[in-house]
Ligand SMILES: C[S@@+](CC[C@H](N)C(=O)[O-])C[C@H]1O[C@@H](n2cnc3c(N)ncnc32)[C@H](O)[C@@H]1O
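In my numbering, the protein residues as written are 148 to 412.
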């Protein structure tokens, strides 16, 4: 039976789960005592920027919004089945990190970001997560991670770099660029990610957010172009486009150093 549209709208606005997807492989179970988390904190996960990363806290699980579910489906299908470690290089609210640990068989996961309040929220959730061992959130930078990866061989099978490359190359009001060239950035990425980097970012300067364009240096804006980005990436990775759009493709970057895992068929 179909509800009349006014009723349907009323139901959606009343029911906080109306925008959520309860597909078992997309939710993240295994949390404890989530009811102890304050309502004001819950709003952060369900109603803040970036909106395509929103989710709600169930009794003992995280339930993704429709937009987040769509992104999860698009990206997680490219995790190699034998991968055992994952780093999200701009983890934001942390869903991809929790999901990888709980649902994708990763034994070690790390989420980094530069935004301390967001990371504190990830750590709060992690304190309730049954698999918190080897699940880490840290305020860190690509350069730092790359040095660490070289020194301690603390690199990762899978890396996620989603909707963030423009900040690494051009900087923002929050921080300067993370590298002086595309080449330097992809070198560091190849140190951190020994297997596959899933790269889903805007490649055209004119497609970037207005604020990013306005704050970019002249030099940075000139070489922010798909040709330059892909040439630099190709020196360290084999690059394959597997989805997304021309302006914002989903690219699989497989490290030319060779895998330490093998694809299981
Ligand atoms: C658009 S959000 C994407 C978050 C996440 N990867 C996703 O897809 O949901 C951009 C992320 O990049 C992080 N970031 C890293 N360096 C940044 C910089 N220099 N300026 C702004 N944001 C930066 C932000 O804190 C934020 O979490």
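From the three backbone atoms N, C-alpha and C, an ideal C-beta is built for every residue, glycine too.
Keep in mind it's a predicted model, so treat the numbers as computed, not measured.
| Item | Value |
| --- | --- |
| Could you tell me which residues DSSP puts in a beta bridge with residue 286? | 260 |
| Does the structure place the region 307-316 close enough to the region 263-278 that three or more beta carbon pairs sit under 8 Å? | no |
| Would you identify the three-state DSSP class for residue 197, choosing helix, strand or coil? | coil |
| At a threshold of 6 Å, does residue 166 count as lining ligand 1 (C-beta to nearest heavy atom)? | no |
| If you drop the 5 nearest sequence neighbours on each side, which residues of the same chain put their C-beta closer than 6 Å to that of residue 373? | 350 |
| Give the straight-line distance between the Cα atoms of residue 252 and residue 366, rounded to the nearest whole angstrom. | 42 Å |
| Would residue 207 and residue 181 qualify as a contact pair, given that the criterion is a beta-carbon distance under 7 Å? | yes |
| Out of 360, 288, 335 and 210, which has the shortest C-alpha to C-alpha gap to residue 313? | 360 |
| Alpha carbons only, please: which of 363, 390, 296 and 341 is nearest the one belonging to residue 324? | 363 |
| Give me the Cα-Cα distance between residue 281 and residue 197, rounded to the nearest whole angstrom. | 26 Å |
| For residue 326, which residues of its own chain have a beta-carbon under 6 Å away from its beta-carbon, when the five flanking residues on both sides are left out? | 332 |
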